[in-house]
Amino acid sequence: MRFNTLLLGTAAALVVAGGAHAADLTVAEPVDYVKVCDAFGAGFYYSPGTDTCIKVGGYVKFGTSVGDTDYGTYNSAYPNSNWTNFYTEVSIQLTASSVTEYGNLTGFLEVRAQSGNTGGFTESLTQAANAVTKSAYLQTAYLQLGPLKAGYLDSLFDFGQGYNDTGAFASDTKTDQVTLTYAVNGIGLSLSVEDQRDRGSLGNTGGIVTDNNGKTYYEGGSDNIPNVIGAVSYASGIFSTKIAAAYTNIALDRSSSPYTPPGGAPSTLLSYTSEAGWAIGGSIELALDSISKGDKFQISGSYGDNANSFTGIAGGTSVAGLSSYTKNYLAAIAPGTSWSAFASYKHAFTSSVYMAATAGYAEYDGDGTWRGNDSLQAWRGVLGAGWTPVKGLDVLAEGSYNSVTGEGSIQDGNAWSGVLWLKRSW
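Quick note on numbering: the sequence shown equals residues -22 to -1, 1 to 404 in mature numbering (1 follows the signal peptide of the UniProt record, and there is no 0).
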């Protein structure tokens, strides 16, 4: 009996002791891992333990297109096919922002990658290489502290190319640059220094060299002097405008002369010399919500001397891009005068359905001993429709037609294309 009493007493003591220990355990407070940051707009969250706000965005796009041309190659991967087949593109975008005593400190990064079935008229050298390797490439990256911005982003001279997915002939170039902007009461004054090579260049030989056939020798090339661009912008109510001017040293002229190398046979020497150039352009945009909420109208034009990539003769959205990225590269350094202009209108039928139309014209007149006989006139028309069935999903169908009339070494030609894609954005 005593044994049973002792056993029950011991068990009771253990239960009481266990309860006492359980009562002493601390309960962890819930951690606020995701805290909304509203200092920089929607979609930002505080990075845990810091005062830096982070935003993650991007998209996945799946599409196909069809086209034909007698001016160049529509699909460089399959030159005998009018179709690009199907392709997939992905974008990852990261933004980090914080407030400092010198102004907002921001860093932005966008990286893209594409599957191997890309094609079309606007395929760049980067995209062509990416189509083979399927590796990611840098689309945009910059840091900004107050009025100072530095990185790889749209040139200060760019005005946009209209509201269609296929843009008008105009400056469309991303450059490594340093930009300073002063803005007050809707007025902005900006100055940028940009790497010339992002618009095109020809490597400098540093002396006389040969292509190893012993028949032709070369000297000279691009000086690679940075482009300097200034811009004035103004926005008030439904009206916004921008005017920009640029100095560039991108164009090259080429002369030919007899040359006999030491101990060699008579040959030919091709000399490349840089040519100074300039460009000026402007844009006006109207927000026409009085017609229908979301309606917009833009008109833009630019003129350049020895500045083809500033007017859309060469560059991302260009006449030369209809042919190939190789021709695009050569057109960027060709001397001569050029100009372009376009108008674009977007009409929103509802908050989820719209149509857009763009029409543009571009002209080039060659100069110098190298391209003095070359000239072209080109125009492009684009019509497209977009639909957003649910938030974050966009559907676009679009068609474009292009015509080029050329003289000298520039051929005549026409090109058309149709595009259909789906894009999930976040």
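The beta-carbon is built from N, C-alpha and C at its ideal position, and this holds for glycine as well. No experiment lies behind these values; they were computed from the predicted model shown.
Residues that DSSP places opposite residue i in a beta bridge
{"i": "TRP357", "result": "TYR339 and SER381"}
{"i": "GLY362", "result": "ALA334 and GLU376"}
{"i": "ASN205", "result": "GLU172"}
{"i": "ILE221", "result": "VAL210 and GLY260"}
{"i": "SER179", "result": "SER179 pairs with nothing; no bridge assigned."}
{"i": "GLY81", "result": "THR78"}
{"i": "ALA128", "result": "LEU121 and VAL156"}
{"i": "THR188", "result": "TYR195"}
{"i": "GLY166", "result": "ALA161 and SER211"}
{"i": "LEU230", "result": "SER252"}
{"i": "VAL236", "result": "The amino acid at residue 236 is misidentified as Val; the sequence shows Pro. Looking at the DSSP assignment, PRO236 forms a beta bridge with THR246."}
{"i": "VAL89", "result": "ILE70 and LEU116"}
{"i": "TYR23", "result": "VAL14 and ILE32"}
{"i": "VAL368", "result": "LEU371"}
Residue interval of the alpha helix (DSSP H) (run including residue i)
{"i": "GLY346", "result": "346 to 349"}
Buried or exposed (CB count within 10 angstroms, at least 16 for buried), residue i
{"i": "ASP150", "result": "buried"}
{"i": "ALA340", "result": "buried"}
{"i": "VAL382", "result": "buried"}
{"i": "GLY344", "result": "buried"}
{"i": "TYR212", "result": "exposed"}
{"i": "LYS13", "result": "exposed"}
{"i": "SER387", "result": "exposed"}
{"i": "PHE22", "result": "buried"}
{"i": "LYS152", "result": "buried"}
{"i": "TRP404", "result": "exposed"}
{"i": "GLY27", "result": "exposed"}
{"i": "ILE269", "result": "exposed"}
{"i": "ASP136", "result": "buried"}
{"i": "PHE147", "result": "buried"}
{"i": "THR226", "result": "buried"}
{"i": "LEU134", "result": "buried"}
{"i": "THR78", "result": "exposed"}
{"i": "THR157", "result": "buried"}
{"i": "SER233", "result": "exposed"}
{"i": "ASP143", "result": "buried"}
{"i": "PRO342", "result": "Residue identity differs from the one stated: residue 342 is Tyr in this sequence, not Pro. Label assigned to TYR342: buried."}
{"i": "LEU354", "result": "buried"}
{"i": "THR289", "result": "buried"}
{"i": "ALA(-1)", "result": "Caution is warranted here: a pLDDT of 49 is assigned to ALA(-1), below 50, making its placement in the model unreliable, and no coordinate value can be reported."}
{"i": "GLY81", "result": "exposed"}
Under 8 Å between C-beta atoms of residue i and residue j
{"i": "THR246", "j": "TYR307", "result": "no"}
{"i": "ALA224", "j": "ALA128", "result": "no"}
{"i": "LEU300", "j": "GLY50", "result": "yes"}
{"i": "GLU376", "j": "ASP352", "result": "no"}
{"i": "ASN60", "j": "TYR52", "result": "yes"}
{"i": "ILE186", "j": "GLU197", "result": "yes"}
{"i": "GLY138", "j": "GLN276", "result": "yes"}
{"i": "LEU374", "j": "PRO313", "result": "no"}
{"i": "TRP256", "j": "GLY279", "result": "no"}
{"i": "TYR332", "j": "GLY364", "result": "yes"}
{"i": "GLN122", "j": "VAL89", "result": "no"}
{"i": "ILE70", "j": "GLY36", "result": "yes"}
{"i": "CYS31", "j": "SER93", "result": "no"}
{"i": "SER287", "j": "ILE207", "result": "no"}
{"i": "TYR130", "j": "TYR141", "result": "no"}
{"i": "ALA209", "j": "SER168", "result": "yes"}
{"i": "ALA321", "j": "ASP273", "result": "no"}
{"i": "VAL34", "j": "LEU72", "result": "yes"}
{"i": "SER261", "j": "LYS305", "result": "no"}
{"i": "GLY259", "j": "ALA222", "result": "yes"}
Endpoints, the beta strand (DSSP E) within which residue i is located
{"i": "CYS31", "result": "31 to 47"}
{"i": "LEU248", "result": "245 to 265"}
{"i": "GLY391", "result": "391 to 403"}
{"i": "GLN71", "result": "61 to 78"}
{"i": "ILE277", "result": "274 to 283"}
{"i": "ALA319", "result": "314 to 326"}
- Looking at C-beta atoms only, is the number of pairs between the stretch 191 to 201 and the stretch 164 to 183 that lie closer than 8 Å three or more? yes
Under 8 Å: do the stretch 216 to 224 and the stretch 237 to 245 share three or more Cβ pairs, one atom per stretch?
no
Problem set entry | Touching by the beta-carbon criterion (3+ pairs, under 8 Å), the stretch 293 to 312 and the stretch 162 to 176 | no
Three Cβ pairs or more, each shorter than 8 Å: is that satisfied between the stretch 391 to 398 and the stretch 321 to 339? no
If you pair each beta-carbon of the stretch 171 to 180 with each one of the stretch 359 to 366, do three or more pairs fall below 8 Å? no
Practice task
Could you tell me whether the stretch 35 to 45 touches the stretch 60 to 71, using the rule of 3 or more Cβ pairs below 8 Å?
Solution key: yes
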